[in-house]
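Chains as they are written, first to last, in the working numbering: chain F, 12 to 309; chain Z, 253 to 568. No residue lacks a Cβ here, since even glycine has one placed at the ideal position from N, Cα and C. Please read these numbers as outputs of a predicted model, since none were measured by experiment. See below for the structure under consideration.
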Amino acid sequence: MSAAIFPAPGTAAPAVPLPPPSSFFKRFCRNRTAMISAIILLLIVLTAIFAPYLAPHDPARSSLRNILKPPSAMYLLGSDDLGRDVLSRLIFASRLSLVASVQAVAIALALGLPLGLISGYAGGWADTVIMRCNDALMSFPALILAVVIVGLLGPSLTNAMTAIGLVYAPRIMRVVRGSTLSVREEVYIRAARALGCGDARIIAYHVLPNVTGPLVVQATVLMGQALLAEAGLSFLGLGTQPPQASWGAMLGTAFPYMAQSPVPTIASGLVISVTVLCFNLIGDGIRDSVGRMRRSGD
Amino acid sequence: MNTFRYITRRIISTVPMLVLVGLITFLLIHITPGDPAAVVAGENASLQAIEEARHRLGLDQPFLIQFWHWLWAVLHGDLGTSFTSGKPVTELIFDRLPITLSLTAGATLIGLLIAVPLGVFAATKRGSWLDRITIFGTSLGIAAPEFFIGLLLVLVVALEWGWLPATGYVPFAEDPVEWLARLTLPSVTLGLGVAAELARQVRGSMIDVLSRDYIQTARAKGLSTLSIIVKHGLKNAAIPVVTVLGLQVRRLLGGTVIVEQIFAMNGVGSLAVRAVFLRDLPVLLGVALTTAVVVLLVNLLVDMSYGYFDPKVRSA
């Protein structure tokens, strides 16, 4: 047993490492988990785009004779408390859930990217001020801060996503700042400066392209986090407002009837979990693929 | 002496952070659309009544002076008065804080109880089926929203099997057994997410530590596997794990908002959610500030624990 636990030094890595594939895309494709996740996510996105053609019923049409029906040939995932088809509603809700996450991440990027670049590139007091505010902002539990901001602005999906974007901006900022700090010391930055490039040009053409790797990873993972946060807020009734529906809002409306009809609750929860899992695994895949490029480039 | 200085320095460095957190909370009031004076003056109040309310609340003074007054009041435990119930916000929050903190502590405990053995096993048996299940399970646990886990637990354990009560909270002083019974499901709900994040971290740092030379040395000395893992492995693997645990406490406090709602527990989270619908701003800001202070205190504890796990930190 102990032999398996404590391998002799040097046996952990294979003697001759496989040569890493040449491009990021090839490396990503070789990562089976990430590829499967990407395909599933693509299917979900396609479902959202082609929702009107895929949904078997009108998601808004309620039938009072068919309230809280169990799954059947007519309603594949049963019907909700107003007699609406759960499957059709899930298909249409994917639009709102995905767009909302994109909104939140876009807001986080719009705030976090410039601040992170300035903080990392300029250093000095600007960095200190931005980082301290960042740390203070990150002391608030994300969901509580989001709830409070929604409370201040009033419950609506736009406000909820603004709040989530604000709450997640510091994470983007941290990642961008960290990468900028290491890129700043590279020889090519000094070369660019020696050639007479201004700071703005150096940031836009030399720093930015070199921080995109970690940035894309973080943004992908945040997509999943934003989806979760939207689901949470909508579940509490602070996000998507009826008659619109997102996955989280559906979970929230199905929850009180869970004892009579558990399928809608389980279905919406599963859809959320699977989508978030896909985002996380794709993020992992991108990180691994970018990482190897880095190492081989050293 | 060294340890004492390390602790004092850490405590002092937390103070500016607390002020900044206060400033952000205070700024939140100012970005809010709408006029608090008009809200306090009530519906259909005359312009004069609104101005009077503004003066009474000190809202006609410069920003920094307002902040100073507010901070001074907060330091004296005065977070203002709830718009809707008329009670002091501090009282409302402190009445409910034990519920939320019990939940957070319970979830942390469950997280640790699952994550440490699982992570250590996975690290010592890399590539085994247990390791693979751990990796797969933790990915799932990280992705699944806590409310979904909670709903499934309510559905199966409480409604289907009837093993544990589904909802409500009973104070420990009233009935310890009932307190534990009511707290179990919500704590498991929150704890599973923590366990997933932690187990990954425990596995990662254990793998790293077990490959170090001093582990080889300890083995060469003839120490037992258990003693190596506990004394040399876990203590050295603890720092990244404790860091993640500290971050998890912040996430947990956020998660309580939803879990309290599912399990009908009247904690700080439900207080905040109700305050949103009632537009009760003092309560909202009080909750934001209180939870941030709890997070900062946990961070302080985490920092101090570094000094215990790695004595080098103390002299650095």
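Quick check: is the beta carbon of residue 151 of chain F nearer than 7 Å to any beta carbon in chain Z?
Closer than 7 Å to some Cβ of chain Z, the Cβ of residue 151 of chain F qualifies, so yes.
Round the Cβ separation of residue 288 of chain F and residue 45 of chain F to the nearest angstrom and send it over; I've been treating them as touching at under 8 Å.
That pair is no contact at about 12 Å.
Rounded to whole angstroms, what's the CA-CA distance from residue 403 of chain Z to residue 514 of chain Z? Just pull it up for me.
Between residue 403 of chain Z and residue 514 of chain Z, the C-alpha separation is close to 7 Å.
Using the Cα positions of residue 195 of chain F and residue 431 of chain Z, report the straight-line distance between them to the nearest angstrom.
Near 55 Å, if we compare the C-alpha coordinates of residue 431 of chain Z and residue 195 of chain F.
Residues of chain Z with a CB under 7 Å from the CB of residue 166 of chain F: which are they?
528, listed in chain order.
Classify residue 290 of chain F as buried or exposed, calling it buried when 16 or more other Cβ atoms lie within 10 Å of its own Cβ.
By the 10 Å Cβ count, residue 290 of chain F comes out buried.
What residues of chain Z sit near residue 147 of chain F, judged by a beta carbon separation below 7 Å?
Ordered by position in chain Z, the residues that pass the 7 Å Cβ test against residue 147 of chain F are 269, 272, 273 and 276.
Are any of the Cβ atoms in chain Z nearer than 7 Å to that of residue 234 of chain F?
For residue 234 of chain F, the answer is no, since every Cβ of chain Z falls outside 7 Å of its Cβ.
Measuring straight from C-alpha to C-alpha, what distance separates residue 347 of chain Z and residue 174 of chain F?
Taking the straight line from one Cα to the other gives about 28 Å.
Could you give the residue range of the alpha helix (DSSP H) that holds residue 175 of chain F?
Note, residue 175 of chain F: alpha helix (DSSP H), 168-195.
Looking only at its chain, what residues have a beta carbon closer than 7 Å to the beta carbon of residue 56 of chain F, apart from the 5 residues adjacent to it on each side?
Result list for residue 56 of chain F: 109, in chain order.
Please check if any C-beta of chain F sits within less than 7 Å of the C-beta of residue 458 of chain Z.
Chain F, which has no Cβ nearer than 7 Å to the Cβ of residue 458 of chain Z, makes this no.
Give me the DSSP bridge partner(s) of residue 96 of chain F.
DSSP lists F:90 as partners of residue 96 of chain F.
In whole angstroms, what is the alpha-carbon distance linking residue 454 of chain Z and residue 434 of chain Z?
Roughly 29 Å separates the two Cα atoms.
Going along chain Z, which residues have a C-beta under 7 Å from residue 266 of chain F?
Correct list: 403.
Does DSSP classify residue 251 of chain F as helix, strand or coil?
Residue state, collapsed to three classes: coil.
What is the DSSP secondary structure of residue 340 of chain Z, counted as helix, strand or coil?
Strand, per DSSP.
For a contact meaning CB atoms closer than 7 Å, what does residue 543 of chain Z contact in chain F?
The answer, in chain order, is 151, 152 and 155.
Quick check: the Cα distance between residue 68 of chain F and residue 263 of chain F, rounded to an integer number of angstroms?
Cα-Cα distance, rounded: 21 Å.
Under the criterion of a Cβ to heavy atom distance below 6 Å, does residue 337 of chain Z qualify as lining the ligand MN?
Judged by which ligands are present, the structure shown has none, so any question about the ligand MN falls away.
For residue 384 of chain Z, report the span of its alpha helix (DSSP H) as first-last.
Taken as a continuous stretch (DSSP letters only), the alpha helix (DSSP H) holding residue 384 of chain Z covers 381-395.
Less than 7 Å between CB atoms is the rule here; does residue 284 of chain Z satisfy it with respect to chain F?
Output row for residue 284 of chain Z: interface = yes.
If we count the other Cβ atoms within 10 Å of its Cβ and call it buried at 16 or more, is residue 282 of chain Z buried or exposed?
Exposed, by the Cβ-count rule.
Are at least three pairs of beta-carbons, each pair with one atom in the segment 132-151 of chain F and one in the segment 534-549 of chain Z, less than 8 Å apart?
Yes: at least three Cβ pairs fall under 8 Å.
Roughly how many whole angstroms lie between the Cα atoms of residue 555 of chain Z and residue 257 of chain Z?
Using only the alpha carbons, I get a separation of about 13 Å.
Smallest Cα separation from residue 275 of chain F: which of F:282, F:284, F:283 and F:265?
Comparing Cα positions, the closest option is F:265.
Buried or exposed, going by whether 16 or more other CB atoms sit within 10 Å of the CB of residue 484 of chain Z?
Counting Cβ neighbours within 10 Å, residue 484 of chain Z comes out buried, since at least 16 surround it.
Please list the terminal residues of the continuous alpha helix (DSSP H) segment that includes residue 137 of chain F.
Start and end: 135-149.
Quick one: any contact between the segment 313-329 of chain Z and the segment 508-524 of chain Z, if contact means 3 or more CB pairs under 8 Å?
No, because fewer than three Cβ pairs between the segment 313-329 of chain Z and the segment 508-524 of chain Z fall closer than 8 Å, the two stretches do not touch.
At a Cβ cut of 9 Å, what residues of the segment 275-300 of chain F count as close to chain Z, listed as they run along the chain?
Cβ contacts with chain Z come from 276, 277, 279, 280, 281, 283, 284, 285, 286, 287, 288, 289, 290, 291, 292 and 295.
If I'm right that residue 501 of chain Z touches residue 550 of chain Z with Cβ under 8 Å, what's the distance once you round it to whole angstroms?
Indeed they touch by this definition, with Cβ atoms about 5 Å apart.
Taking the beta carbon of residue 54 of chain F as the centre, do at least 16 other beta carbons fall within 10 Å, making it buried, or is it exposed?
Label assigned to residue 54 of chain F: exposed.
Does residue 385 of chain Z have its Cβ less than 7 Å from a Cβ in chain F?
No, residue 385 of chain Z does not count as interfacial toward chain F.
For residue 405 of chain Z versus residue 364 of chain Z, is the C-beta distance shorter than 7 Å?
No, they are not a contact pair.
Using Cβ-Cβ distances below 8 Å, what residues of the segment 388-402 of chain Z are close to chain F?
Result list: 391, 392, 394, 395, 396, 397, 399 and 400.
Which residues does DSSP pair with residue 333 of chain Z in a beta bridge?
Partner(s): Z:340.
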